[in-house]
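Before any comments, here is the structure.
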Amino acid sequence: MRRAVLIAVPYLWLLALFLVPFIIVLKISLSDIALARPPYTPQLDLNEGWAGIRAFFAGLDFENFTFLSTDDLYWKAYLSSVRIAGIATLCTLLVGYPIAYGMARAPQEWRPTLLMLVILPFWTSFLIRVYSWIGILSSEGVLNQFLMGIGLIGEPLTILNTNTAVYIGIVYTYLPFMILPIYSALEKMDESLLEAAEDLGSSRFSAFWLVTIPLSRNGIVAGCFLVFIPSIGEFVIPSLLGGSDTLMIGKVLWEEFFSNRDWPVASAVAVVLLLILIIPIVLFQRSEENAREAGR
Amino acid sequence: MAESDFAPWNDPEAKPLIQFKGVTKRFGDFTAIDDLTQDIYEREFFALLGPSGCGKTTLMRMLAGFEEPTEGQILLNGVDIGHVPPNKRAVNMMFQSYALFPHLSVYDNIAFGLRREKKPKDEVHARVKEMLRLTRLERFAQRKPHQISGGQRQRVALARSLAKAPKLLLLDEPLGALDKKLREETQFELMDIQEKTGTTFIIVTHDQEEAMTVASRVAVMDEGRIVQVATPDVIYEAPNSVYVADFIGDVNLIRGTARLRPAQAATEAAAPPPEQASPETTPAAPVAKEAAAKTDGPQPNPLGRALHDRILSPIFGTWLEEEPRRLPPPSAAETAKTPAAETPATPAHPQDIPPGGLEIDWSEGQPALLAANGDPALDGEKVVLALRPEKLGIAKTRPDAPNTLKGKVIDIAYLGNISTYHVEIEGGVMVKAQAANTRRISRRDITWEDEVWLSFTATAGVILKDE
Ligand SMILES: Nc1ncnc2c1ncn2[C@@H]1O[C@H](COP(=O)(O)OP(=O)(O)OP(=O)(O)O)[C@@H](O)[C@H]1O
Ligand SMILES: [Mg+2]
Numbered sequence: 094m095r096r097a098v099l100i101a102v103p104y105l106w107l108l109a110l111f112l113v114p115f116i117i118v119l120k121i122s123l124s125d126i127a128l129a130r131p132p133y134t135p136q137l138d139l140n141e142g143w144a145g146i147r148a149f150f151a152g153l154d155f156e157n158f159t160f161l162s163t164d165d166l167y168w169k170a171y172l173s174s175v176r177i178a179g180i181a182t183l184c185t186l187l188v189g190y191p192i193a194y195g196m197a198r199a200p201q202e203w204r205p206t207l208l209m210l211v212i213l214p215f216w217t218s219f220l221i222r223v224y225s226w227i228g229i230l231s232s233e234g235v236l237n238q239f240l241m242g243i244g245l246i247g248e249p250l251t252i253l254n255t256n257t258a259v260y261i262g263i264v265y266t267y268l269p270f271m272i273l274p275i276y277s278a279l280e281k282m283d284e285s286l287l288e289a290a291e292d293l294g295s296s297r298f299s300a301f302w303l304v305t306i307p308l309s310r311n312g313i314v315a316g317c318f319l320v321f322i323p324s325i326g327e328f329v330i331p332s333l334l335g336g337s338d339t340l341m342i343g344k345v346l347w348e349e350f351f352s353n354r355d356w357p358v359a360s361a362v363a364v365v366l367l368l369i370l371i372i373p374i375v376l377f378q379r380s381e382e383n384a385r386e387a388g389r
Numbered sequence: 128m129a130e131s132d133f134a135p136w137n138d139p140e141a142k143p144l145i146q147f148k149g150v151t152k153r154f155g156d157f158t159a160i161d162d163l164t165q166d167i168y169e170r171e172f173f174a175l176l177g178p179s180g181c182g183k184t185t186l187m188r189m190l191a192g193f194e195e196p197t198e199g200q201i202l203l204n205g206v207d208i209g210h211v212p213p214n215k216r217a218v219n220m221m222f223q224s225y226a227l228f229p230h231l232s233v234y235d236n237i238a239f240g241l242r243r244e245k246k247p248k249d250e251v252h253a254r255v256k257e258m259l260r261l262t263r264l265e266r267f268a269q270r271k272p273h274q275i276s277g278g279q280r281q282r283v284a285l286a287r288s289l290a291k292a293p294k295l296l297l298l299d300e301p302l303g304a305l306d307k308k309l310r311e312e313t314q315f316e317l318m319d320i321q322e323k324t325g326t327t328f329i330i331v332t333h334d335q336e337e338a339m340t341v342a343s344r345v346a347v348m349d350e351g352r353i354v355q356v357a358t359p360d361v362i363y364e365a366p367n368s369v370y371v372a373d374f375i376g377d378v379n380l381i382r383g384t385a386r387l388r389p390a391q392a393a394t395e396a397a398a399p400p401p402e403q404a405s406p407e408t409t410p411a412a413p414v415a416k417e418a419a420a421k422t423d424g425p426q427p428n429p430l431g432r433a434l435h436d437r438i439l440s441p442i443f444g445t446w447l448e449e450e451p452r453r454l455p456p457p458s459a460a461e462t463a464k465t466p467a468a469e470t471p472a473t474p475a476h477p478q479d480i481p482p483g484g485l486e487i488d489w490s491e492g493q494p495a496l497l498a499a500n501g502d503p504a505l506d507g508e509k510v511v512l513a514l515r516p517e518k519l520g521i522a523k524t525r526p527d528a529p530n531t532l533k534g535k536v537i538d539i540a541y542l543g544n545i546s547t548y549h550v551e552i553e554g555g556v557m558v559k560a561q562a563a564n565t566r567r568i569s570r571r572d573i574t575w576e577d578e579v580w581l582s583f584t585a586t587a588g589v590i591l592k593d594e
């Protein structure tokens, strides 16, 4: 009984906060645009009984999904989102791994402080932090002034409103999600394993490659998914830092909803995005499961 | 074993494989290894014994290259290896914590070192198979370390360190988690491997029996120093300090004051027993004579030695002490008779007591104990008589022996093949005596609260300076 209650809690949570909203979005995606409030039809009218329900279901169709497949803007946006998220995830890994490694090798008494520093940015609003990058990256920004000041460049670099700025934004924003799982994997690692590898004839470098990397694999995989999944749907960073040619599905979705007020198409975009994301999410779940198996 | 023909440490020509030269290792202000100087020779099986935290692992780690000595040098084949990284040393170590790679299978763990040498695949495979067979792990080759038992893990660690057939193999408590039978088998395997490959082994163990079985020499450590290095029999029979005597095996320590034995006793006993006159008649006699001749030749006579130790040594140093300790030659009584089971220390006739030595006054109103093998230089000093329980005989009637003690049985520990009797001597000292259980328990004639007599020969104990 107690067990059933305990198990029920997460399922109720999932039902209320994920499944119900998803069904609503799915329903909208099957509706037609209308000049009404809310801006779509059909609406479910229970006063008319069975006939109302039948009329309601008759009004639903896949028109919006057909539309998505005919306009190449959408699939290009999806593709470009996956590409941008993939590249950004790789960059985050390259920046995050050394930081996590350094933290795990730092003296024991330093580690809590370093962990604090990693999560400290979360204390400020995400929006404000991304905004402040505009001030850093713009042509009169801090970075360009500094680089020109030390004479490294003659004229300002255009970073803001390019894909580069989007990568910088994603790496910066999602770095803690990469560092924390890798750190926790590295910290658990027994240092005598490296000694054993060296004792058996491998150099420091190959010991790192043959022992440290495989043993932090679970952390790397978790970190990559935690960065990749949310950055596909990211729209604040491309809107603020990206240029007009930065094509990301999150931005498209935003525009469909708020500029075009085409809720049904926007919902269809969201549903397809979710279907695309299910693939990496399932893979992530699978690898977490394996990690738990192996950890025992 | 082959101690008699393998003893490079007694050969001044022999070149040591490893030399510790005044090695000190400090962690902060804690001294883990304290000015240690020691040679270890090729093909040796060198055992390190000592209490927890005395620096055994630290010593190994310095050899493997994971710690650098704070002071002093470590030479391997005469070359200082202080700055050689671990992967460039022909040394493999089996870690106390095993340090198995959790992401690799048992097979891949064992193959790890071989693959680093870029050996051909089939050669690696053959070697790994051989190691798996040796450690009986064939069935577990494809399992991960977390899928096997503690003892199996230990065997994987052993196999992994053996796989590369290194010149020097460091084993940090290699067999602790194995059951007795498998441990004994593995010990013999190790000795076999050592004989076949000529690898030098340094082994840390908490199991003294293991050290005695496998080692060519045993080093007893205490707080970062080596207190005594000798062959297992010497360590056991002739410890050089109360610490070693107490640490190795079971021992009775009887404290007292030494006194030179009256000279007349010495002359009386000096005449050899009649059967010793013609060596050919008794098979044991030549051994005794040879051994006696060997030690009699170069050694100073007791008086000269006393003179040296008391008067000259402050001036010239104690060079006499540096010479390796050997077992005293067996006394006539010891070689002539095989000890009976119930009373290992057969009563010797007074005239069989070898000449010289000490008497020890240890308790008011008790006769002094005779120790014919006592160093006359200890005359007048506070000493400890270290007596192994198995060297004491126990009987219900007073035996005819040089040393007898009367007491009461307080406790009997039944150990299967032998029993240990805890006897309280008149005056309150507790003494342990061991006797083989030649009869069934129910027919044992000595039991709790019995008055018994303990007896031992004049050479059964070792006289050590009290610390
Ligand atoms: N890295 C280190 N920092 C500080 N102290 C250390 C370090 N390594 C070892 N020590 C100390 O040095 C001493 C010797 O340690 P070592 O590991 O050599 O002991 P051991 O003889 O192997 O003991 P055991 O039989 O328990 O394995 C111990 O007191 C230990 O606390
Ligand atoms: Mg140790």
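Chains as they are written, first to last, in the working numbering: chain R, 94 to 389; chain A, 128 to 594.
Think of the CB as a built atom: it goes at the ideal place given N, C-alpha and C, for glycine as much as any other residue.
{"query": "Hey, A/Ala585 and A/Ala372: beta-carbon distance below 9 Å or not?", "result": "no"}
{"query": "Cutting at 6 Å between CB atoms, please list the residues of its own chain near R/Ala384, excluding the five before and the five after it.", "result": "Asn311"}
{"query": "Just to confirm, does A/Glu300 get its C-beta within under 8 Å of one of the non-hydrogen atoms of ligand 2?", "result": "yes"}
{"query": "Under 7 Å, CB to CB, which of the residues in the region 236–262 of chain A have a partner in chain R?", "result": "Phe239, Gly240, Arg243, Glu244"}
{"query": "From R/Val118 to R/Met282, what does the alpha carbon distance come to, in whole angstroms?", "result": "44 Å"}
{"query": "If you draw a straight line from the C-alpha of A/Val356 to the C-alpha of A/Thr184, how long is it?", "result": "17 Å"}
{"query": "Please classify A/Gln355: does DSSP put it in a helix, a strand, or coil?", "result": "strand"}
{"query": "State the start and end residues of the unbroken beta strand (DSSP E) segment that holds A/Trp580.", "result": "578–583"}
{"query": "I want to know whether the region 190–207 of chain R touches the region 244–258 of chain R - three or more CB-CB distances under 8 Å.", "result": "no"}
{"query": "For R/Val51, go through chain A and note every residue whose CB falls closer than 9 Å to its CB, in chain order.", "result": "What the structure shows of chain R is the stretch from 94 to 389, and residue 51 of chain R is not part of that stretch, so it cannot be assessed."}
{"query": "Helix, strand or coil: which one does DSSP assign to R/Gln201?", "result": "helix"}
{"query": "Jot down the residue ranges of each uninterrupted beta strand (DSSP E) in the region 304–348 of chain A, minimum 3 residues, whole runs only, in chain order.", "result": "327–331"}
{"query": "With burial defined as no fewer than 16 other Cβ atoms inside 10 Å of the residue's Cβ, what is the status of R/Val235: buried or exposed?", "result": "exposed"}
{"query": "Taking C-beta pairs closer than 7 Å, name the residues in chain A that R/Ala289 reaches, listed in chain order.", "result": "Phe222, Ala226"}
{"query": "Which complete beta strand (DSSP E) runs does the region 199–242 of chain A hold, if anything under 3 residues is left out?", "result": "218–221"}
{"query": "Got a sec: does ligand 1 put a non-hydrogen atom nearer than 8 Å to the Cβ of R/Pro188?", "result": "A quick correction: the sequence has Val, not Pro, at residue 188 of chain R. No."}
{"query": "Using a beta-carbon distance cut-off of less than 9 Å, what residues from the region 130–161 of chain A approach chain R?", "result": "none"}
{"query": "Taking R/Arg310 as part of the alpha helix (DSSP H), name the residues at either end of that continuous run.", "result": "310–325"}
{"query": "Could you tell me whether the region 354–362 of chain R touches the region 154–163 of chain R, where touching means 3 or more Cβ pairs closer than 8 Å?", "result": "yes"}
{"query": "Any idea what DSSP makes of A/Glu169, helix, strand or coil?", "result": "coil"}
{"query": "Per the DSSP calculation, A/Ser546 is bridged to which residue(s)?", "result": "A/Tyr541, A/Ala562"}
{"query": "Nearest-angstrom Cα distance between R/Leu210 and R/Ala109?", "result": "35 Å"}
{"query": "State yes or no: is the beta carbon of R/Leu253 nearer than 9 Å to at least one beta carbon in chain A?", "result": "no"}
{"query": "Measure the alpha-carbon distance for R/Val406 versus R/Trp226 and round it to whole angstroms.", "result": "Examination of residue 406 of chain R is not possible in this model, given that chain R is present from 94 through 389 alone."}
{"query": "Report the neighbours of R/Pro274 on chain A: residues whose CB is nearer than 7 Å to its CB, in chain order.", "result": "Correct list: empty, because the minimum Cβ distance to chain A is about 17 Å."}
{"query": "Taking R/Leu286 as the query, report the chain A residues whose CB atoms sit under 7 Å from its CB, ordered along the chain.", "result": "Ala226, Phe228"}
{"query": "Quick one: list the residues of chain R neighbouring A/Asn219, beta-carbon separation under 8 Å, in chain order.", "result": "Asp292, Leu293"}
{"query": "Applying the 10 Å Cβ sphere with the 16-neighbour rule, what's the burial state of R/Lys169?", "result": "exposed"}
{"query": "To which residues does DSSP link A/Glu486 through a beta bridge?", "result": "A/Arg386, A/Leu497"}
{"query": "Ends of the alpha helix (DSSP H) at A/Val283?", "result": "277–290"}
{"query": "Comparing the C-beta of A/Lys533 with each C-beta of chain R, is any distance below 9 Å?", "result": "no"}
{"query": "Please report the distance separating the alpha-carbon of A/Arg388 from that of A/Pro481.", "result": "11 Å"}
{"query": "Here's the rule I'm using: 16 or more other beta-carbon atoms within 10 Å means buried, otherwise exposed. How should R/Gly189 be labelled?", "result": "buried"}
{"query": "Helix, strand or coil for A/Pro139, going by three-state DSSP, please let me know.", "result": "coil"}
{"query": "R/Ser296 touches chain A at which residues, Cβ-Cβ below 7 Å?", "result": "Asn214"}
{"query": "For ligand 2, any of its heavy atoms closer than 8 Å to the Cβ of A/Thr332?", "result": "no"}
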